[in-house]
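At position 69 of the sequence shown (counting the first as 1) the number is 93 in this note's numbering, and the numbers step up by one without a gap. To keep things clear, I will list the structure first and then write my remarks on it.
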Amino acid sequence: MSDLTIYGTTISPFTRTVRMCLEEKDETYRIYEYMPGSDEQKQEHPFGKVPAIRDADLHLYETLAICVYIDEEYATDPQLQPRDAVEKADMFQRISLYLDEGYPNLFAGLIFPRLVAPMQGKRADESDVQAHLPKIEKYLAVADKELRGQRWMVGEEMSLADLFLAPAIYYVKMTPEGQKLLSGLENLSAWYTNMTTVESFRDTAPKLPGK
């Protein structure tokens, strides 16, 4: 049994990714609901980002580092990283692309203006949405093409690559633009439908205010 504590809000896609890793390993954990940029979170992450974890004497921040640690420290099945070197490189390539090109544009162009801003009583900057849509469309098209009709993003088993992207697509599907984009991407849509059957994904679904 782990003594692991997560610091970060459950509505964060990255916190959800870490929670999914722990759920897959059937490990218990505690969570403190610290918002990004809060004074509390700045004690856990130098830039106040979420999530961070503490596990006994270990303190880690940044989602990828945390997930690799969980998969290797808690080595029970399922293993969330491919053993094959090529597949493992493919997994990290897809995660890197998501972190560099996927999430920044999905958040700025859809998740924030369509979901977060209304919760904060703000109006979306429509020009900003339109500016991000071509980048979002390109990223999703690449993700769709690389799936090649596979059930999982890499190889024959679910991996960290799946656990990174799925929480963001969960929010993208709540937006009209996201629904329209995904409707034309057969591989990505089928992959996401499959992800909705994964127990750790269902069990970590966030509760948004007013949703």
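Quick reminder that beta carbons are idealized off the backbone N, C-alpha and C, glycines included.
With 16 as the cutoff for other CB atoms within 10 Å, does residue i come out buried or exposed?
i: Asp8; result: As displayed, the chain neither begins before 25 nor continues past 235, which places residue 8 out of reach and without an answer.
i: Ser151; result: exposed
i: Lys49; result: buried
i: Leu212; result: buried
i: Gln65; result: buried
i: Ala109; result: exposed
i: Arg118; result: buried
i: His83; result: exposed
i: Thr39; result: buried
i: Asp124; result: exposed
i: Thr228; result: buried
i: Ala167; result: buried
i: Ala155; result: exposed
i: Met143; result: exposed
i: Glu223; result: exposed
i: Pro106; result: buried
i: Arg43; result: buried
i: Pro70; result: exposed
Excluding the 5 residues preceding and the 5 following residue i in the sequence, name in chain order all residues of the same chain whose CB lies nearer than 8 Å to its CB.
i: Lys197; result: Gln203, Leu206, Tyr216
i: Gly72; result: Pro60, Gly61, Ser62, Gln65, Lys66
i: Met58; result: Note on identity: in this sequence residue 58 is Tyr, with Met being the wrong assignment. Here the set comprises Tyr31, Gly32, Thr33, Glu64, Gln65, Glu68, Val74.
Rounded to whole angstroms, how far is the Cβ of residue i from the Cβ of residue j, which I believe are closer than 8 Å?
i: Val74; j: Gly126; result: Not really, about 18 Å apart at Cβ, beyond 8 Å.
i: Gly81; j: Cys45; result: A small correction: the amino acid at residue 81 is Asp; Gly does not occupy that position in the sequence shown. Actually they are not in contact, since the Cβ atoms of Asp81 and Cys45 sit about 20 Å apart, beyond 8 Å.
i: Leu28; j: Asp79; result: 4 Å
i: Thr87; j: Leu134; result: About 20 Å separates the two Cβ atoms, so there is no contact after all.
i: Ala148; j: Ala141; result: 5 Å
i: Pro191; j: Thr34; result: So it is not a contact: roughly 11 Å between Cβ atoms.
i: Glu161; j: Tyr98; result: Incorrect: roughly 38 Å between the Cβ atoms, too far for contact.
i: Leu209; j: Leu164; result: 6 Å
From the DSSP output, which residues share a beta bridge with residue i?
i: Thr94; result: The sequence as given places Ile at residue 94; Thr does not occur at that position. The partner list for Ile94 (beta bridge, DSSP) is empty, contrary to what the question assumes.
i: Leu82; result: Asp79
Beta strand (DSSP E) containing residue i: first to last residue?
i: Asp79; result: 76-79
i: Leu28; result: 28-31
i: Arg54; result: 53-56
i: Leu123; result: Here Leu123 belongs to no beta strand (DSSP E), and DSSP marks it neither H nor E.
i: His69; result: No beta strand (DSSP E) holds His69; DSSP gives it neither H nor E.
Just to confirm my understanding: we take residue i, look at its own chain, exclude 5 residues before and 5 after, and list those with CB closer than 7 Å. What are they?
i: Glu111; result: Val178, Gly179
i: Leu171; result: Met177, Asn211, Leu212, Trp215
i: Gln103; result: Asp95
i: Tyr53; result: Ser26, Leu28, Thr29, Ile30, Leu46
i: Ser183; result: Leu104, Gln105, Pro106, Met115, Trp176, Met177
Which residues bound the alpha helix (DSSP H) around residue i?
i: Arg43; result: 37-48
i: Leu164; result: 150-171
i: Ile193; result: 184-196
i: Asp227; result: 223-227
i: Trp215; result: 210-219
i: Lys204; result: 200-207
Residues in its own chain within less than 6 Å of residue i by CB, not counting five upstream and five downstream?
i: Tyr122; result: Phe188, Leu189
i: Lys159; result: Asn129
i: Ile10; result: Since the first and last residues shown for the chain are 25 and 235, residue 10 lies out of range.
i: Val153; result: Gly133, Pro137
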